[in-house]
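Engineer: Just so you know, this note's numbering puts 366 at position 344 of the sequence shown, and the rest follows in order with no gaps. Don't be surprised by glycine CBs; every beta carbon is placed ideally from N, CA and C. Predicted model, so just to flag it, every value in this text is computed and none were measured. Take this structure, written in structure tokens, and hold onto it; I'll ask about it next.
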Amino acid sequence: MDSLRELFKIGNGPSSSHTMGPQKAAQKFKDRNPDAASFRVELYGSLAATGKGHLTDWIIIETLKPKRTEIVWKPEVIKKFHTNGMKFFSLNDSREVLNEWLVFSVGGGSIMEENEDRRGGNKVYDLSKMSDIMKWCDENSMEFWQYVGSCEGEDIWEYLKKIWAAMEEAIVRGLNTSGILPGELKYPRKAQRFYKKARMRQTRFAINGKIYAYSLAVSEENAAGGEVVTAPTCGASGVVPGLLKALKEEYDLSEDEVIKALSTAGLIGNIVKENASISGAEVGCQGEVGTACAMAAGMASYILGGTLEQIEYAAEMALEHHLGMTCDPVGGYVQIPCIERNAVAAVRALDAANYTLFTDGKHRVSLDQVIVTMGETGRDLNCAYKETSQAGLAKYYQELSKYFKPEK
Ligand code: SF4
Numbered sequence: 023m024d025s026l027r028e029l030f031k032i033g034n035g036p037s038s039s040h041t042m043g044p045q046k047a048a049q050k051f052k053d054r055n056p057d058a059a060s061f062r063v064e065l066y067g068s069l070a071a072t073g074k075g076h077l078t079d080w081i082i083i084e085t086l087k088p089k090r091t092e093i094v095w096k097p098e099v100i101k102k103f104h105t106n107g108m109k110f111f112s113l114n115d116s117r118e119v120l121n122e123w124l125v126f127s128v129g130g131g132s133i134m135e136e137n138e139d140r141r142g143g144n145k146v147y148d149l150s151k152m153s154d155i156m157k158w159c160d161e162n163s164m165e166f167w168q169y170v171g172s173c174e175g176e177d178i179w180e181y182l183k184k185i186w187a188a189m190e191e192a193i194v195r196g197l198n199t200s201g202i203l204p205g206e207l208k209y210p211r212k213a214q215r216f217y218k219k220a221r222m223r224q225t226r227f228a229i230n231g232k233i234y235a236y237s238l239a240v241s242e243e244n245a246a247g248g249e250v251v252t253a254p255t256c257g258a259s260g261v262v263p264g265l266l267k268a269l270k271e272e273y274d275l276s277e278d279e280v281i282k283a284l285s286t287a288g289l290i291g292n293i294v295k296e297n298a299s300i301s302g303a304e305v306g307c308q309g310e311v312g313t314a315c316a317m318a319a320g321m322a323s324y325i326l327g328g329t330l331e332q333i334e335y336a337a338e339m340a341l342e343h344h345l346g347m348t349c350d351p352v353g354g355y356v357q358i359p360c361i362e363r364n365a366v367a368a369v370r371a372l373d374a375a376n377y378t379l380f381t382d383g384k385h386r387v388s389l390d391q392v393i394v395t396m397g398e399t400g401r402d403l404n405c406a407y408k409e410t411s412q413a414g415l416a417k418y419y420q421e422l423s424k425y426f427k428p429e430k
């Protein structure tokens with residue numbers, strides 16, 4: 023598996039696959055083609071279907087400036103390697119092609135060329151199955167965060183501190199901003215109001231209110247194109263920080279505990295990325311918010327004193343109960359259902375952790391099995407439910423919305 027540096031990345035929303043990946047590809051192509059007079063970029067599959075709402079065209083044009091760029095939308099072209107394909111062309115003054123490059127945005131901000139190995143191999147981690155990692159931890163009397171440290175080296179802790187700082191900054195910015203998110207949906211930000219209400223409560227609902235508020239804050243920042251951390255993607259970036267911030271405050275966690283918890287979450291996300299997919303365009307939202315919920319559940323279990331088995335169980339349970347979840351962003355914006363879905367998944371992750379702490383950690387379906395199931399389910403999902411905005415809520419919301427007044 024790859025380093026957690028490839029999973030947790032700081033960048034601008036609203037989508038790791040539709041903005042961060044294309045931005046990275048555009049920058050590479052620009053650097054390789056300094057003599058181009060202009061560029062043309064063809065967008066394929068899901069990138070073309072929801073690229074407008076996800077700001078794909080905008081980020082590519084901005085990155086390739088000052089040269090002029092023409093964007094050609096081809097949603098009907100679906101490449102076998104991955105649906106998020108894009109082809110860059112550099113042109114001379116006569117608009118003849120000088121150079122071309124087919125590249126794919128495969129999720130979480132990563133880009134790959136056709137036929138590159140989708141798995142990270144054993145570049146940094148020699149083990150990629152949870153069962154093997156648990157065995158290693160058992161035999162060495164270690165915890166998951168210690169396995170991360172042994173594979174990544176000591177400098178991972180400084181990197182994770184930066185990641186946590188960026189997550190907290192996104193929460194603070196989100197809580198301090200109100201108004202309407204960019205785009206045609208006129209979707210109102212809610213994090214600030216949720217936070218004010220959560221502050222007033224003294225019951226179990228107080229922590230839920232804070233988890234909602236913090237997750238909303240990050241997801242709203244993401245939807246506004248603000249800086250967030252992929253966890254594991256931009257669309258699902260609110261779940262892990264939202265829950266971690268609330269637990270940090272609730273239990274007065276030290277920075278050291280926060281970073282160890284974050285590494286536990288990262289390890290779980292990495293296992294999903296390696297053995298299935300974290301790309302909504304490839305496997306639906308179960309791979310994005312479902313994975314984020316599994317990461318957050320395992321993280322919460324660790325914070326609450328869970329054993330290796332209970333942490334694994336919490337992650338498994340969280341992913342299992344997102345199996346089959348489709349990706350159908352209304353209007354192509356990472357807003358409905360994405361923002362609310364992050365907040366609900368963060369509380370669901372805490373519930374999964376709590377549930378498993380009442381058990382001895384024994385259970386029937388393993389995390390490894392549910393990950394394989396998720397990947398297969400995702401590949402079997404009709405393309406219309408994988409970040410194309412052609413079905414589900416994206417289809418029916420537009421039809422039904424004429425009967426409702428816009429939300430205030
Ligand atoms: S529905 Fe889920 S996978 Fe699809 S854009 Fe929204 S958060 Fe991402």
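How many angstroms separate the CA atom of Gln357 from the CA atom of Arg140?
Structural biologist: Gln357 and Arg140: Cα-Cα distance of roughly 29 angstroms.
Engineer: Nearest by alpha-carbon distance to Pro210: which of Arg221, Lys219 and Gly196 is it?
Structural biologist: Among Arg221, Lys219 and Gly196, the Cα nearest to that of Pro210 is on Gly196.
Engineer: Any chance you could list the beta strand (DSSP E) runs of at least 3 consecutive residues sitting entirely within the segment 229-314, in chain order?
Structural biologist: Correct list: 249-251.
Engineer: So is the beta-carbon of Gly257 under 7 angstroms away from any non-hydrogen atom of the ligand SF4?
Structural biologist: Flag set: Cβ of Gly257 near the ligand SF4.
Engineer: Do Gly205 and Gly353 have their beta-carbon atoms positioned less than 8 angstroms apart in this structure?
Structural biologist: In contact: Gly353 and Gly205 (Cβ atoms closer than 8 angstroms).
Engineer: Determine which residues share a DSSP beta bridge with Phe61 and list them.
Structural biologist: Answer is Thr91 and Ser112.
Engineer: Using the Cβ count rule (16 or more neighbours within 10 Å means buried), how would you classify Leu120?
Structural biologist: That one is exposed.
Engineer: Quick one: Cα of Trp179 to Cα of Arg27, how far?
Structural biologist: Rounded to the nearest angstrom, the two C-alpha atoms are 11 angstroms apart.
Engineer: Buried or exposed for Glu176, please, with buried defined as at least 16 other CB atoms from any protein chain shown within 10 angstroms of its CB.
Structural biologist: So Glu176 counts as exposed.
Engineer: Taking the alpha-carbon positions, what's the Ala416 to Ser388 distance?
Structural biologist: Spanning the two alpha carbons is a distance of roughly 33 angstroms.
Engineer: From Gly288 to Ala220, what distance separates their C-alpha atoms?
Structural biologist: Cα to Cα, the separation comes out at about 28 angstroms.
Engineer: For Leu238, which option in Pro359, Lys184 and Gln168 has the closest C-alpha, if you only look at C-alpha atoms?
Structural biologist: Out of Pro359, Lys184 and Gln168, Pro359 has the C-alpha closest to the C-alpha of Leu238.
Engineer: Can you tell which of Tyr355, Thr348, Ile361 and His385 has the C-alpha that lies nearest to the C-alpha of Asp402?
Structural biologist: Here the closest residue by C-alpha is Thr348.
Engineer: Identify the continuous beta strand (DSSP E) that holds Met134 and give its terminal residues.
Structural biologist: Where Met134 is concerned, the enclosing beta strand (DSSP E) stretches over Ser132 to Met134.
Engineer: Specify, as a first and last residue, the run of the alpha helix (DSSP H) that Val394 falls within.
Structural biologist: Run containing Val394: Leu389 to Asp402, per the alpha helix (DSSP H) assignment.
Engineer: Here's a check: name, in chain order, each residue in its chain whose Cβ is nearer than 7 angstroms to the Cβ of Ile82, leaving out the five neighbours to either side.
Structural biologist: Pro44, Ala48, Val63, Thr91 and Ile93, listed in sequence order.
Engineer: Is it the case that the segment 153-171 contacts the segment 394-412, given that we only count it when at least three CB pairs across the two stretches are under 8 angstroms?
Structural biologist: Segments in contact, no.
Engineer: Please tell me whether, using a cut-off of 7 angstroms, the distance from the CB of Cys307 to the nearest non-hydrogen atom of the ligand SF4 is below it.
Structural biologist: Result yes, Cβ under 7 angstroms from the ligand SF4.
Engineer: Answer yes or no: the CB of Pro359 versus the heavy atoms of the ligand SF4, is any distance below 7 angstroms?
Structural biologist: Yes, the beta carbon of Pro359 sits closer than 7 angstroms to at least one heavy atom of the ligand SF4.
Engineer: Within the present structure, is the beta-carbon of Pro204 separated from the nearest heavy atom of the ligand SF4 by less than 7 angstroms?
Structural biologist: No, since every heavy atom of the ligand SF4 falls outside the 7 angstroms radius drawn around the Cβ of Pro204.
Engineer: Just mark Pro452 as buried or exposed, buried being the case when its beta carbon has 16 or more other beta carbons within 10 Å.
Structural biologist: The shown model of the chain, from 23 to 430, leaves out residue 452, and the question about it has no answer.
Engineer: Going straight from the alpha carbon of Lys384 to that of Tyr335, what length do you get?
Structural biologist: Looking at the two C-alpha atoms, the distance is approximately 8 angstroms.
Engineer: For Lys218, count the other beta carbons within 10 Å of its own beta carbon; 16 or more makes it buried, fewer makes it exposed. Which is it?
Structural biologist: Lys218 should be labelled exposed.
Engineer: Is Glu310 a contact residue of the ligand SF4, with contact defined as CB to any heavy atom under 7 angstroms?
Structural biologist: Yes; taking the cut-off as 7 angstroms, the Cβ of Glu310 has a heavy atom of the ligand SF4 nearer than that.
Engineer: Heavy atom of the ligand SF4 less than 7 angstroms from the Cβ of Glu84, yes or no?
Structural biologist: Checking the Cβ of Glu84 against the ligand SF4 gives no.
Engineer: Could you tell me if Asp24 is buried or exposed, where buried requires 16 or more neighbouring beta carbons within 10 angstroms of its beta carbon?
Structural biologist: Asp24 comes out buried.
Engineer: Any heavy atom of the ligand SF4 closer than 7 angstroms to the beta-carbon of Glu409?
Structural biologist: Flag set: Cβ of Glu409 near the ligand SF4.
Engineer: Relative to the C-alpha of Phe380, which residue among Ile333, Ile202 and Ala58 is closest?
Structural biologist: Among Ile333, Ile202 and Ala58, the Cα nearest to that of Phe380 is on Ile333.
Engineer: With distances taken between CB atoms, is the gap from Thr286 to Gly309 smaller than 8 angstroms?
Structural biologist: Not a contact, by the Cβ cut-off of 8 angstroms.
Engineer: Verify the contact flag: Asp148, CB atom, against every heavy atom of the ligand SF4, threshold strictly below 7 angstroms.
Structural biologist: No, the Cβ of Asp148 stays beyond 7 angstroms of every heavy atom of the ligand SF4.
Engineer: Just mark Asn292 as buried or exposed, buried being the case when its beta carbon has 16 or more other beta carbons within 10 Å.
Structural biologist: Buried, by the Cβ-count rule.
Engineer: Any idea if Ser227 is buried or exposed, counting beta-carbon neighbours within 10 angstroms, 16 or more meaning buried?
Structural biologist: The displayed chain sequence assigns Phe, not Ser, to residue 227. Exposed, because fewer than 16 other Cβ atoms sit within 10 Å of the Cβ of Phe227.
Engineer: Take Leu265 as the anchor and find which of Asn55, Ala245 and Ala235 has the nearest alpha-carbon.
Structural biologist: Of the candidates Asn55, Ala245 and Ala235, the one whose C-alpha sits nearest the C-alpha of Leu265 is Ala235.
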